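**Student:**
There are 2 protein chains.
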Amino acid sequence: MNQKTTLKQLSKELNVSVSTVSKALNNSPEISEKTIKRVKELAALYGYKPNPVAVSLKRNKTYTLGILIPDILNHFFAKVLYGIEQKASENGYKIITCLTNESLGKEKEYLTMLEYNKVDGVIAAMTRETQLKKDFEHFNLYKDSGKPLVLFDRVTDEIDCDKVVVDDHKAAEEVFNYLVGQGRKNIGIISTLPHLSVIIGRLQGIENIPKDDTVQLEKLMIDNADEAEKLIDNFIRNSNFDAIIGLDETAGSIAINSAKHNNLDIPKQIAIVGFTDGLLAKNAYPKMSVVSQHGIELGGNAVKILLERMTDTKSGPKRFIQPTTLIKRASSE
Amino acid sequence: MNQKTTLKQLSKELNVSVSTVSKALNNSPEISEKTIKRVKELAALYGYKPNPVAVSLKRNKTYTLGILIPDILNHFFAKVLYGIEQKASENGYKIITCLTNESLGKEKEYLTMLEYNKVDGVIAAMTRETQLKKDFEHFNLYKDSGKPLVLFDRVTDEIDCDKVVVDDHKAAEEVFNYLVGQGRKNIGIISTLPHLSVIIGRLQGIENIPKDDTVQLEKLMIDNADEAEKLIDNFIRNSNFDAIIGLDETAGSIAINSAKHNNLDIPKQIAIVGFTDGLLAKNAYPKMSVVSQHGIELGGNAVKILLERMTDTKSGPKRFIQPTTLIKRASSE
DNA sequence: CTGAAAGCGCTTACAG
DNA sequence: CTGAAAGCGCTTACAG
Numbered sequence: 001m002n003q004k005t006t007l008k009q010l011s012k013e014l015n016v017s018v019s020t021v022s023k024a025l026n027n028s029p030e031i032s033e034k035t036i037k038r039v040k041e042l043a044a045l046y047g048y049k050p051n052p053v054a055v056s057l058k059r060n061k062t063y064t065l066g067i068l069i070p071d072i073l074n075h076f077f078a079k080v081l082y083g084i085e086q087k088a089s090e091n092g093y094k095i096i097t098c099l100t101n102e103s104l105g106k107e108k109e110y111l112t113m114l115e116y117n118k119v120d121g122v123i124a125a126m127t128r129e130t131q132l133k134k135d136f137e138h139f140n141l142y143k144d145s146g147k148p149l150v151l152f153d154r155v156t157d158e159i160d161c162d163k164v165v166v167d168d169h170k171a172a173e174e175v176f177n178y179l180v181g182q183g184r185k186n187i188g189i190i191s192t193l194p195h196l197s198v199i200i201g202r203l204q205g206i207e208n209i210p211k212d213d214t215v216q217l218e219k220l221m222i223d224n225a226d227e228a229e230k231l232i233d234n235f236i237r238n239s240n241f242d243a244i245i246g247l248d249e250t251a252g253s254i255a256i257n258s259a260k261h262n263n264l265d266i267p268k269q270i271a272i273v274g275f276t277d278g279l280l281a282k283n284a285y286p287k288m289s290v291v292s293q294h295g296i297e298l299g300g301n302a303v304k305i306l307l308e309r310m311t312d313t314k315s316g317p318k319r320f321i322q323p324t325t326l327i328k329r330a331s332s333e
Numbered sequence: 001m002n003q004k005t006t007l008k009q010l011s012k013e014l015n016v017s018v019s020t021v022s023k024a025l026n027n028s029p030e031i032s033e034k035t036i037k038r039v040k041e042l043a044a045l046y047g048y049k050p051n052p053v054a055v056s057l058k059r060n061k062t063y064t065l066g067i068l069i070p071d072i073l074n075h076f077f078a079k080v081l082y083g084i085e086q087k088a089s090e091n092g093y094k095i096i097t098c099l100t101n102e103s104l105g106k107e108k109e110y111l112t113m114l115e116y117n118k119v120d121g122v123i124a125a126m127t128r129e130t131q132l133k134k135d136f137e138h139f140n141l142y143k144d145s146g147k148p149l150v151l152f153d154r155v156t157d158e159i160d161c162d163k164v165v166v167d168d169h170k171a172a173e174e175v176f177n178y179l180v181g182q183g184r185k186n187i188g189i190i191s192t193l194p195h196l197s198v199i200i201g202r203l204q205g206i207e208n209i210p211k212d213d214t215v216q217l218e219k220l221m222i223d224n225a226d227e228a229e230k231l232i233d234n235f236i237r238n239s240n241f242d243a244i245i246g247l248d249e250t251a252g253s254i255a256i257n258s259a260k261h262n263n264l265d266i267p268k269q270i271a272i273v274g275f276t277d278g279l280l281a282k283n284a285y286p287k288m289s290v291v292s293q294h295g296i297e298l299g300g301n302a303v304k305i306l307l308e309r310m311t312d313t314k315s316g317p318k319r320f321i322q323p324t325t326l327i328k329r330a331s332s333e
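Protein sequence lines, in the order shown, are assigned to chains A and B. Under my numbering, the first residue of the first sequence carries the number 1, and numbering increases by one thereafter. Under my numbering, the first residue of the second sequence carries the number 1, and numbering increases by one thereafter.
If you want it as structure tokens, here you go:
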């Protein structure tokens with residue numbers, strides 16, 4: 001049980017006051033070189049570390065960020081969390097990770113908890129339920145505390161704060177143009193999470209493209225995840241698609257399995273492109289082409305913007321758009 | 001900016017001392033019913049919440065747990081984290097999640113940070129590098145602080161603390177017996193993470209079974225993950241396996257793809273069973289049979305044991321064995 | 001039943 | 001250049 005050294009103990013041994021020790025350790029110009037040296041040497045000897053709890057109380061700053069993650073089993077979010085954690089720790093911040101598990105109730109609870117625990121800022125992606133019910137008041141309430149909030153990926157215009165988003169419109173557009181460029185004419189679009197803002201954005205990206213009549217588009221939006229496989233299988237069997245775009249992580253993966261199940265040649269007869277460059281895409285057979293949203297970078301950027309906001313209270317809300325990359329693999333070429 | 005209410009403010013408005021307010025809110029028997037009621041009413045009106053930073057300083061307890069996760073992109077760990085978070089929040093604890101990313105250096109750094117930040121306990125799985133280099137001193141150092149430590153999944157006998165592990169021996173044994181029970185005689189065993197304690201345990205589980213001569217065993221232990229696909233493909237092509245056991249999350253998945261690639265009929269010609277019931281297993285085609293380690297329950301149990309240890313300093317270290325389940329899917333029947 | 005005082009471990013304006 | 005004092009927001013042993 002190594003008793004933790006305190007300022008008081010150091011001051012006693014050095015025969016100086018606690019104030020002097022504190023100032024010396026913080027390199028105050030008030031203190032003489034000589035004293036600073038003496039203090040630091042003893043501190044080093046004892047492995048002194050200031051008690052962060054006391055420092056927090058005094059400074060009203062905890063060097064802790066609260067993170068709200070809707071679904072940790074989703075690779076994209078796992079990657080973002082990874083990026084957040086990395087950037088935060090680089091800058092001397094800890095993170096309190098809260099897994100909201102797609103529940104609005106949990107999101108509200110955790111946000112209150114984070115405020116109450118004096119985190120210096122919050123980075124959040126909203127839950128599916130939040131976006132479905134359009135209930136955002138708790139975020140505005142949190143913002144009233146004066147601490148910064150950065151929303152990422154799943155965002156809404158109804159909250160006035162910094163945002164980091166993927167350019168879903170453009171990413172989906174790129175996928176579409178890529179497939180049409182290959183001469184594909186009959187394209188199926190699938191999502192198992194149709195209410196998410198990101199999915200809506202991707203869909204719009206495709207629908208807004210001016211198309212000539214030779215290209216046919218058909219959509220399958222699945223509300224009930226349990227039926228996804230059956231519905232996708234029917235969808236693929238009953239049309240004559242030469243390409244499928246899976247708008248979320250699992251949609252593309254299921255489409256690949258279903259195409260194989262129906263003895264379609266991938267990518268010759270049917271090309272498949274998905275979203276999120278995770279395990280599923282890499283371990284699909286054939287390997288799946290996907291839009292990578294660069295989750296790690298995105299997470300890092302969210303932290304960066306949050307930290308900037310701490311000192312900049314004047315400028316209006318920022319919207320950072322994380323570029324995406326279309327990764328071409330065997331499922332489409 | 002809603003200014004946070006403090007005890008002092010309440011005491012002023014109520015014309016009682018700060019001590020009285022504090023005691024009233026904590027239901028001290030010293031305080032009269034009437035005063036308690038008055039105090040609580042005003043506190044409720046103002047939405048008073050004690051400042052947890054101050055409470056921590058006073059009580060020397062932060063209601064925070066530190067969690068060390070070696071690989072958040074691995075579904076098993078994501079599930080465990082989920083279980084930890086759930087159980088912790090049920091009990092009024094927050095978690096500080098540290099992603100060690102399989103690096104011994106990060107593990108050391110974070111452990112120091114957690115101690116320094118006065119977490120009430122730590123739950124950790126060791127990194128691959130830690131197990132490889134057998135460098136465990138930092139854990140013992142942390143233990144000297146007197147705060148409890150629970151190791152899960154990736155553990156070692158060289159640290160004397162509570163542990164929560166999967167019964168890897170038994171799980172692997174069950175898989176083996178299941179396959180042999182189907183009449184499989186020529187079994188390939190694959191791992192892409194051969195240095196992990198859990199993989200070693202699984203392998204031993206299989207090797208320790210008394211076998212008659214009719215059953216052949218062949219192993220492929222892959223050190224370099226980049227070559228996994230090529231090596232597994234060679235392995236499967238050049239032998240005449242009727243069953244493959246993948247000892248980690250990706251090994252089984254790659255084996256399925258490789259078998260299909262070699263035009264083997266799954267499960268008729270070759271059965272495949274993996275470990276970890278994650279996205280990969282569920283989205284494999286055919287769906288993969290796996291050993292589920294029940295990560296969520298395991299995480300919950302780790303928290304439970306940690307909390308128990310906080311009040312029980314006498315009894316010796318516990319070892320909780322998380323039961324596993326063999327989930328049979330189309331890849332093996 | 002209520003309150004004054006000390007203290008958790010720091011920082012910092014102020015005095016000397 | 002150094003130190004005494006106040007204070008961050010609480011809790012609790014002690015006095016009355």
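Even for Gly, the Cβ is constructed at its ideal location relative to N, Cα and C. Since the model is a prediction, treat every value here as computed from it, not as a measurement.
1. Does Thr250 of chain A come out as helix, strand or coil in the three-state DSSP assignment?
2. Using beta-carbon positions only, say whether Val291 of chain B and Ala125 of chain B come within less than 7 Å of one another.
3. Return the residues of the stretch 41 to 57 of chain A that lie within a Cβ-Cβ distance of less than 8 Å from chain B, sorted by chain order.
4. Rounding to the nearest angstrom, what Cα-Cα distance links Lys8 of chain A and Ser56 of chain B in this structure?
5. Against Lys230 of chain A, what residues of chain B qualify as contacts under a CB-to-CB distance less than 7 Å, listed in chain order?
6. Which residue spans inside the stretch 236 to 323 of chain B form an unbroken beta strand (DSSP E) run of at least 3?
7. State yes or no: is the C-beta of Ser239 of chain B within less than 7 Å of the C-beta of Gln131 of chain B?
8. Kindly give me the distance between the Cβ atoms of Val122 of chain B and Leu81 of chain B, rounded to whole angstroms, as I take these residues to be in contact under 8 Å.
9. Assuming the contact rule is C-beta atoms closer than 8 Å, Gln269 of chain B and Leu298 of chain B should be a hit. Round their C-beta distance to whole Å, please.
10. Enumerate in chain order the residues of its own chain whose CB-to-CB distance from Leu111 of chain A is below 6 Å, with the five nearest sequence positions on each side excluded.
11. Is Lys118 of chain A close to chain B, meaning its C-beta is less than 7 Å from at least one C-beta of that chain?
12. If you scan the stretch 107 to 174 of chain A from start to end, which runs of the beta strand (DSSP E) of 3 or more residues do you find wholly inside it?
13. Going by other Cβ atoms of all chains shown within 10 Å of its Cβ, with 16 needed for buried, is Met310 of chain B buried or exposed?
14. For Ala255 of chain B, decide whether its Cβ has a neighbour in chain A, counting only Cβ atoms nearer than 7 Å.
15. Please list the partners that Ile96 of chain A has in chain B, where partner means a Cβ-to-Cβ separation under 9 Å.
16. For a test of the three-state rule: what should DSSP assign to Lys328 of chain A, helix, strand or coil?
17. What is the DSSP secondary structure of Ser32 of chain B, counted as helix, strand or coil?
18. With distances taken Cα to Cα, identify the nearest neighbour of Phe77 of chain A among A:Glu102, A:Tyr93, A:Val215, A:Asn60.
19. Using only the alpha-carbon positions, how far apart do Gln204 of chain A and Lys230 of chain A sit?
20. Using the beta-carbon of each residue, which ones in chain A are nearer than 9 Å to Tyr82 of chain B?
21. So what's Ile222 of chain B in DSSP terms, helix, strand or just coil?
22. For Asn177 of chain A, go through chain B and note every residue whose CB falls closer than 7 Å to its CB, in chain order.
23. Within 7 Å (strictly less), CB to CB, does Met1 of chain B reach chain A?
24. Roughly how many whole angstroms lie between the Cα atoms of Lys118 of chain B and Thr62 of chain B?
25. Assign Ser19 of chain A to one of two classes, buried (16 or more other C-beta atoms within 10 Å of its C-beta) or exposed (fewer than that).
26. Pull up the distance between the alpha-carbon of Thr276 of chain B and that of Ile296 of chain B, whole angstroms please.
27. Grouping DSSP H, G and I as helix and E and B as strand, with all else coil, what is Ser22 of chain A?
28. Mark Asp226 of chain B as exposed unless 16 or more other C-beta atoms lie within 10 angstroms of its C-beta, in which case mark it buried.
29. So is Ala44 of chain A buried or exposed if we call it buried at 16+ other beta carbons inside 10 Å?
30. Alpha carbon to alpha carbon, how far is Glu107 of chain A from Tyr48 of chain A?
31. Mind checking if Pro323 of chain B is an interface residue toward chain A, Cβ cutoff 7 Å exclusive?
32. Are Gly191 of chain A and Asp265 of chain A close, meaning C-beta to C-beta below 7 Å?
33. Using CA atoms only, rank isn't needed, just tell me which of B:Ser332, B:Arg329, B:Thr324, B:Lys328 is closest to Asp153 of chain B.
34. Under the three-state reduction of DSSP, which class applies to Ile232 of chain B: helix, strand or coil?
35. Inspect the beta-carbon positions of Ile305 of chain B and Val175 of chain B and report whether they are closer than 7 Å.
36. Under 7 Å between C-beta atoms, does Glu85 of chain B make it to chain A?
**Tutor:** Taking the geometry as given:
1. helix
2. no
3. Lys49, Asn51, Pro52, Val53, Ala54, Ser56, Leu57
4. 19 Å
5. Result: empty, since nearest Cβ-Cβ is about 14 Å, beyond 7 Å.
6. 243 to 246, 271 to 275, 289 to 292, 319 to 322
7. no
8. Contact flag wrong, Cβ pair sits at about 14 Å.
9. The pair is not a contact, with the Cβ atoms about 35 Å apart (cut-off 8 Å).
10. His138, Tyr142
11. yes
12. 121 to 124, 149 to 152, 162 to 166
13. Met310 of chain B counts as exposed, since fewer than 16 other C-beta atoms from the protein chains shown sit within 10 angstroms of its C-beta.
14. no
15. Thr64, Lys94, Ile95, Ile96, Thr97
16. It is coil, neither helix nor strand.
17. coil
18. Taking only the C-alpha atoms, the option nearest Phe77 of chain A is A:Glu102.
19. Within the model, the alpha-carbon separation for Gln204 of chain A versus Lys230 of chain A is close to 25 Å.
20. Ile72, Leu73, Leu99, Asn101
21. DSSP, reduced to helix, strand and coil, places Ile222 of chain B outside both helices and strands of the structure shown, so it counts as coil.
22. Within 7 Å Cβ-Cβ: nothing; Asn177 of chain A doesn't reach chain B, min ~27 Å.
23. Note that Met1 of chain B scores a pLDDT of 40, beneath 50, so its modelled location is shaky; the value from the coordinates is reported in the next line. Judged by the 7 Å Cβ criterion, Met1 of chain B is in contact with chain A.
24. 7 Å
25. exposed
26. 12 Å
27. helix
28. exposed
29. exposed
30. 38 Å
31. no
32. For the record, residue 191 of chain A in the displayed sequence is Ser; it is not Gly. It is not a contact, given that the beta carbons lie outside the stated cut-off.
33. B:Thr324
34. helix
35. no
36. yes
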